[in-house]
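With full-length UniProt numbering, the residue at position 27 of the sequence shown is 27, and numbering never jumps.
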Amino acid sequence: MTDNIITLKFGDDSKPSISTSVTPKTPEQSRCQHGAITVDEQYRVITCDQCGCNIEAFDYLLERARGGERVVREIETLYQRRDELRTACDKLQREEKNTKVRLRGAKTQLQFLENDIKKVNNGG
1 MTDNIITLKF GDDSKPSIST SVTPKTPEQS RCQHGAITVD EQYRVITCDQ CGCNIEAFDY
61 LLERARGGER VVREIETLYQ RRDELRTACD KLQREEKNTK VRLRGAKTQL QFLENDIKKV
121 NNGG
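Below is the structure:
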């Protein structure tokens, strides 16, 4: 049962050390969006073609899924905006037709009034 227990033994009072070193990402790798990748089927590794960084598969898939969701929401917003603009255009076209009808009526009344004025000026 002691196989599952991890024990640390320090022989003296010196600082504990670890045999693992961490290599930080370069600034280019930190800024890279990993737009082009290579999937290595044999070693099951995803590598960015732009910065050369190995990419965690789940993180990459999750980011692409979130991006897809953003695109779908944006498309839905654009469809809604399109429908609003269509409704506004239809309303403006109706108003334009009504305005043209009122303008024709006003022009007709103006002609009748001008004719009446001419008749009165000509002595009737």
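C-beta: ideal position from N, C-alpha, C; glycine also.
Point to revise | Cα-Cα separation between G123 and C89, rounded to whole angstroms | key: Taking the first residue of the sequence shown as 1, we reach residue 123 at position 123. Taking the first residue of the sequence shown as 1, we reach residue 89 at position 89. Distance between the alpha carbons of G123 and C89: 51 angstroms.
Check your understanding: If you drop the 5 nearest sequence neighbours on each side, which residues of the same chain put their C-beta closer than 8 angstroms to that of M1?
Key -> Locating residue 1 in the sequence shown gives position 1, counting from the first residue. Below a pLDDT of 50, predicted positions are generally treated as unreliable, and M1, at 47, falls in that range; the measurement from the model is reported next regardless. Excluding residues within five positions, none has a Cβ falling inside 8 angstroms.
Review point. Quick one: complete beta strand (DSSP E) runs, 3+ long, within the segment 68-122?
Key: none
Practice item. Taking A57 and D49 to be in contact with their CB atoms under 8 angstroms, please state how far apart those CB atoms are, rounded to whole angstroms. Key: Position 57 of the sequence shown, counting from 1, holds the residue named residue 57. Position 49 of the sequence shown, counting from 1, holds the residue named residue 49. With 8 angstroms as the limit, A57 and D49 do not qualify as a contact, their Cβ atoms being about 16 angstroms apart.
Point to revise | Coarse secondary structure for D40, derived from DSSP in three states | key: Mapped onto the sequence shown, residue 40 falls at position 40. Looking at D40 - three-state DSSP - the assignment turns out to be strand.
Check your understanding: Between the Cα of T23 and the Cα atoms of V45, N54 and I46, which residue gives the shortest distance?
Key -> Looking up residue 23 in the sequence shown gives position 23. Nearest C-alpha to T23: N54.
Check your understanding: Starting from E28 and walking both ways along the alpha helix (DSSP H), at which residues does that stretch end?
Key -> As a working note, residue 28 is residue 28 in the sequence shown. Counting along the chain, the alpha helix (DSSP H) containing E28 begins and ends at P27 to R31.
Point to revise | Start-to-end residues for the beta strand (DSSP E) that takes in I46 | key: As a first step, residue 46 is located in the sequence shown; it is residue number 46 there, counting from the start. Element bounds for I46: V45 to C48.
Exercise for review: Flag this pair as yes or no: are the beta carbons of C51 and E84 separated by less than 8 angstroms?
Suggested key: The residue you call residue 51 lines up with position 51 of the sequence shown. The residue you call residue 84 lines up with position 84 of the sequence shown. No, Cβ-Cβ distance for C51 and E84 is not below 8 angstroms.
**Study point:** D116 versus L110 - alpha carbon distance
**Key:** Taking the first residue of the sequence shown as 1, we reach residue 116 at position 116. Taking the first residue of the sequence shown as 1, we reach residue 110 at position 110. Between D116 and L110, the C-alpha separation is close to 10 angstroms.
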